[in-house]
Every structure is written in C-alpha cells, then in structure tokens.
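For reference, the structure discussed in these notes is given below.
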Amino acid sequence: MTESQPRPDQIYTSSIPSPPLPRTTVFNYLFPPDRRYTDYPSQNPSTPSFIDGLTGRTLTRDGLEVQAKQLAAGLKKRGVRTGEVGCIFGMNSLDWAVACFGLQALGVVVSPANYAYTPPELLHQLRDSTSSLTFVQPALLPVLLEALKLDKSYSIPSNRIFLLCSKTDKPKDTKYETLEEVLEDLPKDKLDEVVQKYVDGLEKKTAYLCYSSGTTGRGKGVETSHHNVTSQIQAVNLVYERMNPEDVLLGILPFSHIYGLTVVLQQPLTYNGSVVVLPRFEEAPVLKAIEKHRITWGLVVPPILIALLNSSNVTKTTLSSLRGLQSGAAPLSSDLIKAFESRYHHIRITQGYGLTETTPVAHVMTLDEARHHPGSIGRIAPTYQARLVNNDTGKDCEKGERGELWLRGPSVMKGYWRNEEATRGVFAEGGWFMTGDVAVIDEEGYFSIVDRVKELVKYKGFQVPPAELEALLLSHPGVADVGVIGIWSKEQATELPRAYIVPRGGIPSSKEEKIRLSIEVQKWVEGRVSNHKRLRGGVILIEAIPKSPSGKILRKDLRVLAKNDEEKEEKVKSGRVNAKL
C-alpha cells in the first residue's frame with residue numbers, strides 16, 4: 001500500500017481548543033507541590049478519594065498522598081531506585097492504589113498485570129518488562145511463585161515481593177512483607193524529599209508499562225509516558241460530562257488496564273470526586289454498592305451493560321442515583337443502547353473509544369450527544385488528530401466511507417517496549433498511529449467503529465464485519481453473548497462466517513434442542529443480512545465468549561476452538577474410512 005497525502009479537510013480535529021499540557025510527572029501533576037504543575041482547581045484534602053465497596057474503608061486525598069510518600073520512603077530504604085520497573089498483580093483495591101502512587105512518587109515505572117493471568121502469562125510480563133519488584137494480592141501469591149519457578153534465569157528476591165494487604169490480613173507463616181509494613185513513618189518534610197523531583201525532559205520518560213491483550217499473540221508492553229497521561233487527563237476533562245465533588249464513580253474496571261488506570265484511578269483526583277472500588281464485576285455486590293453509595297456515574301464494558309439489562313435483581317431504588325454509563329472496549333449496537341435506556345429511562349448510555357496505545361481515550365461523547373447519536377463513539381477529543389485511510393489504496397476516505405482509523409497526538413504511546421519492529425509496524429509516516437480499527441465519520445463529525453482491519457472475514461472476496469453480525473445477534477432474544485470469526489473452507493476455498501453464541505438461559509441439555517437453536521439462529525440471521533454475510537460456518541453454542549479484561553473478544557481463542565472442532569471432525573471421518581476398509 002502506498003500512502004497518499006490527505007487533504008486538509010481529511011484530517012479531523014476537535015472543535016474544542018487544546019488545553020494547556022503540563023510538563024511534569026504524573027505524581028506531581030496529581031499531587032502538586034505547587035500550582036506550577038497543574039491548572040485544575042485546588043482539591044479538598046479531606047475528600048474520600050477511594051471507598052472500598054465491600055468493607056466501607058475510605059482513603060482521603062491527603063491520606064493517599066501521605067501513604068504513597070511513606071511507601072516510596074520505605075521502598076527507597078529497601079534499596080529500590082528510580083528507573084526500576086515494579087509490577088502490581090492484584091484485583092482492584094485501595095492498597096493497589098497506594099502501591100501505584102507510591103511507586104510513581106519514587107520514580108519507578110509501574111507495570112500492572114492482569115489478575116486473571118496464568119503463571120506462564122505472568123512470567124512473560126515480568127520477564128519482558130524487567131520487573132525487579134512486585135506487589136501481589138495474597139490470594140494470587142501462588143500464581144506469582146509458580147511463575148517464578150518456570151524460568152531459573154529470571155527471579156525476584158523474596159525481600160522485593162510485597163503483599164497488597166494490611167498486617168492484620170497477612171497470611172500466617174509467610175516471609176513476605178505487607179504494604180503496611182513497608183510504609184515508612186517520617187515527618188512531612190522528610191517525606192517530600194523522597195518524591196522524584198522534576199527536571200526538564202522527565203515528562204517524556206516512561207510512567208507505565210501496560211501490556212496489550214495479545215489478541216494475536218503474546219502481549220506487548222506499551223510505553224506510556226508521563227506526558228501521555230497528563231495530556232490525556234487534561235483533554236478528557238474538557239469534554240467528559242463535567243464531574244463535581246458530589247459525583248461518585250463506580251470503580252470496577254481493572255486498574256491493570258489503561259482504561260481503569262487513567263480514567264478511574266487518576267482522573268477523579270483532578271475533580272475531587274469519590275470512587276467506589278470493587279475487585280471485579282459481580283452483580284450482587286455491584287448493585288448493592290450503587291444503591292448504598294449513591295453512585296452517579298460508571299465506566300463499563302458491554303458485557304456489564306448486558307448483565308444489568310437482563311438483571312432480575314434491580315428494584316426502583318437500586319440504580320436510581322445513576323445518571324450515565326460510559327461504555328468502551330467494544331462497539332455497542334444502537335438496539336442494545338435503546339433496550340437499556342427503555343428499561344432504565346433515567347440512565348444515558350454513551351460510548352467512547354481508545355486503546356492502550358492512546359492512553360486510552362481518543363473519542364468521547366456527552367450525555368446530550370448520546371441522545372441524538374446512539375451507537376456512535378463520539379467526536380475526536382481535544383489534542384488528537386484523526387484520519388480514515390483505505391487499506392487497499394492508501395488514500396484517505398471521504399465522509400461516509402469506511403477506512404482504518406489513524407490517530408496522532410500527545411497521548412499516543414512512545415512505542416512498544418523493547419520491540420522496534422512492532423513499533424515500526426503501527427506507525428505511518430508523519431507519526432500517525434494505525435489503530436487497526438475500521439471506522440466511518442458522518443457529516444457532523446461523529447465517528448462509528450464498524451470493525452477491525454485484521455478481523456474482517458472475507459467470503460468469496462466480500463468483506464464481512466464480525467462486529468456487525470455480533471451487534472445483530474445480540475438483539476436476538478435467545479442470545480446472551482456472541483463472538484464471530486471466519487473459518488476456512490477447503491471445499492469452497494474461502495472463509496465462512498461462524499458465530500459462537502452463549503444462549504440466554506444456558507445451553508440446552510439435549511442434542512436435539514442444541515441443533516434446533518443453532519438452526520433457528522442461523523435462519524434468523526439469514527433474513528436480516530446480505531447474502532455474503534450469512535452464517536455459512538454455522539452457529540456453535542458455548543458457555544462463555546473468551547474475552548480480555550477490557551471486554552474485547554479474544555478471536556484467537558475462538559479460532560483455537562474452531563481448529564479443535566475441525567481436528568475432531570477429521571478424526572471421525574478418518575475412523576469411518578478405516579472402518580469401511
């Protein structure tokens with residue numbers, strides 16, 4: 001593909017002027033030693049910044065800052081130095097927040113790990129990121145220790161493994177220190193001396209090493225600089241529905257993912273809001289927390305919206321405090337949004353868009369805009385530039401045409417950690433980051449994501465967008481969740497669209513009922529799509545759709561299922577032939 005130069009009107013920007021972009025570290029931006037480092041309003045130090053949704057424990061802004069500095073002092077005393085990489089391995093918790101900001105205060109690069117990792121997956125991130133210390137949730141300690149056994153050439157000393165818990169919750173017979181035991185109780189002026197001081201250029205240094213979900217293989221470390229983060233928060237604060245100290249945010253998105261790390265863990269500190277922290281989404285505790293703490297706003301992923309839409313446990317008061325829910329990670333169909341808002345009239349659903357590589361939010365939508373543009377991801381955020389490029393011709397698309405979304409701006413990552421080849425593969429000339437997402441823009445400047453470049457199914461030369469079929473299937477009354485892939489047909493020499501569905505109410509027990517449901521769904525789709533989009537690869541019933549922590553469908557796992565099914569079928573055919581012989 002030969003890239004052509006876009007016309008000026010094919011480079012899309014925000015109608016909102018870019019805000020001031022501070023040059024400082026993340027810690028000094030959020031906990032400024034003086035007003036040179038930030039331009040957001042002064043914050044109330046006694047505000048409960050984080051509330052444990054299960055225990056009710058609170059952590060004020062002042063308390064968080066002090067504990068972060070105490071932790072930095074304790075780590076420094078134990079030999080940890082600025083520039084090292086520290087991994088945090090655990091579910092959302094107040095201790096997770098303290099660990100993150102404590103590492104940042106000292107100038108340690110934070111590499112958060114997905115709590116669902118297996119030992120080999122965790123080892124990959126630890127080793128690839130060169131993590132030299134780790135904070136781990138006690139329940140996940142066995143996973144960490146098993147991971148460290150897998151490679152004798154890599155290790156983390158036992159005095160650099162810290163437990164994310166208090167002294168009272170420390171497991172018996174363990175040699176590892178807890179976070180609480182590391183906190184160094186020093187006078188205020190001594191604590192301030194521990195914090196990494198800003199020098200010119202420090203904002204360009206790596207602050208976080210989040211790992212991509214690895215939808216096509218092993219996860220890659222994404223280098224997110226201090227400037228990436230502070231620029232992101234400055235921009236998003238201009239366009240998000242304006243939050244205030246009375247707002248309470250639902251904190252269930254994993255802090256280990258860039259979405260939760262920036263928008264849930266850090267951004268609320270700039271508007272003096274409170275975050276109710278829960279370890280993960282479980283319907284009963286989430287509903288209880290929303291009602292008890294009068295939560296007004298939530299950041300979610302599509303599976304959570306579907307669970308709330310179909311919940312039989314919601315009363316008139318359960319969600320009465322909620323004003324809006326912002327969904328990300330995967331496209332939402334307008335039908336699903338309408339169904340949700342039809343049941344919950346007072347809650348407005350908005351969508352945004354972003355990637356780990358964009359820190360993450362690049363497109364946003366207000367509650368008012370969501371009323372008129374359901375299904376859209378909104379307009380481009382301030383500081384960003386966007387293009388839509390035809391992958392076959394390399395030319396920029398006209399409005400209304402589908403093209404790969406390219407982005408440029410101060411929140412786009414530095415690159416992939418120690419992987420120059422992968423970095424070169426996603427940046428075009430001029431610093432444009434090629435997202436891999438197929439999008440379209442309308443005459444008013446609203447974008448919609450219609451698919452992934454690498455996930456398009458090609459049936460006899462025709463492109464079939466899995467996301468389009470998934471959105472349609474989610475409107476079927478018998479489908480709770482779905483993932484679509486292409487399977488190769490040797491007989492037809494083409495890919496065939498196949499849907500993996502999670503039946504609402506569970507998988508039928510009898511073989512006949514399974515076949516009946518599969519055929520019924522397949523025929524239902526036939527009457528609603530073009531000929532080339534029909535599910536010629538079949539409809540397969542499964543217990544759950546494999547997804548990343550951010551809610552993205554792991555199509556590589558579905559392809560493994562398809563390959564296993566194909567191998568079983570070949571064995572059956574082979575057995576039949578042998579029997580005849």
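Here full-length UniProt numbering is used: position 184 in the sequence shown is 184, and no number is missing along the way.
C-beta atoms are modelled at their ideal positions from N, C-alpha and C, and glycine is treated no differently.
Note that the structure is a prediction, hence the values are computed from the model and not measured.
- For the set I515, Y500 and R452, the Cα lying nearest the Cα of I545 is the one of Y500.
- Excluding residues up to 5 positions away in sequence, P374 lie with their Cβ nearer than 8 Å to the Cβ of K338 in the same chain.
- A direct Cα-Cα distance of roughly 11 Å separates R371 from I347.
- By the 16-neighbour rule on beta-carbons within 10 angstroms, V199 is exposed.
- A Cβ-Cβ contact shorter than 8 Å links L250 with I295.
- Comparing C-alpha distances from E223 to each of P360, I553, G527 and P466 shows the shortest one belongs to P360.
- Residue E495 holds the alpha-carbon nearest to the alpha-carbon of G538 among V426, E495, A480 and G90.
- Secondary structure note for L126: its alpha helix (DSSP H) is the uninterrupted segment P119 to S129.
- Only residues of its own chain outside the window of five on either side were considered, and among them none has a CB closer than 6 Å to the CB of D185.
- In this structure, P20 keeps its C-beta atom at 8 Å or more from the C-beta atom of D34.
- When the five nearest sequence neighbours on each side are left out, the beta carbons in the same chain lying within less than 7 Å of the beta carbon of L309 are those of A339, F340 and R343, in order along the chain.
- The C-beta distance from C165 to L179 rounds to 7 Å, short enough to meet the 8 Å contact threshold.
- C-alpha of K454 to C-alpha of M91: approximately 31 Å in a straight line.
- DSSP, reduced to helix, strand and coil, places D9 within a helical segment of the structure shown.
- Secondary structure of P285 (DSSP, three-state): helix.
- Counted as a single uninterrupted DSSP element, the alpha helix (DSSP H) harbouring I337 occupies residues S334 to R343.
- If you compare the alpha carbons of P503, T206 and V300 with that of L541, the shortest gap goes to P503.
- Ranking Q232, I553, K190 and S256 by CA distance to the CA of V412 puts Q232 first.
- Scanning its chain for C-beta atoms nearer than 6 Å, with the 5 sequence neighbours on each side dropped, one finds around G74 the residues V182, L183 and E184, in chain order.
- When the five nearest sequence neighbours on each side are left out, the beta carbons in the same chain lying within less than 8 Å of the beta carbon of I11 are those of Q385, A386 and R387, in order along the chain.
- Under the three-state reduction of DSSP, K547 is assigned to strand.
- Under DSSP, G74 shares a beta bridge with no residue.
- As DSSP reads the structure, A386 sits in a beta bridge with Y12 and L407.
- Here P8 is exposed: its Cβ has fewer than 16 other Cβ atoms, across all protein chains shown, within 10 Å.
- In terms of Cβ geometry, F447 and H363 form a close pair [threshold 8 Å].
- Apart from sequence neighbours up to five positions away, the residues of its chain that approach A307 with a beta-carbon distance below 8 Å are F281 and E283, ordered along the chain.
- Sequence-distant partners of P382 (beyond 5 residues in either direction) whose C-beta falls short of 6 Å from its own C-beta, in its chain, are S14, I16, S18, A235 and L238.
- With a cutoff of 8 Å on beta-carbon distance, I258 and T356 are scored as near each other.
- If you draw a straight line from the Cα of V484 to the Cα of P120, it comes to about 27 Å.
- Bridge pairing for T393: absent [DSSP].
- The DSSP assignment places complete beta strand (DSSP E) segments of no fewer than 3 residues inside the segment 235–269 at 248–251, in order along the chain.
- With a beta-carbon spacing of about 5 Å, E526 and R534 fall inside the 8 Å limit used to define contacts.
- Residue ranges of uninterrupted beta strand (DSSP E) with 3 or more members, entirely inside the segment 477–520 and ordered along the chain, are 479–489 and 494–503.
- By the C-beta density criterion, V560 is exposed, having fewer than 16 other C-beta atoms within 10 angstroms.
- Here H363 carries a strand assignment [DSSP, helix/strand/coil].
- Rounded to the nearest angstrom, the Cβ distance from N244 to Y271 is 7 Å, consistent with a contact under 8 Å.
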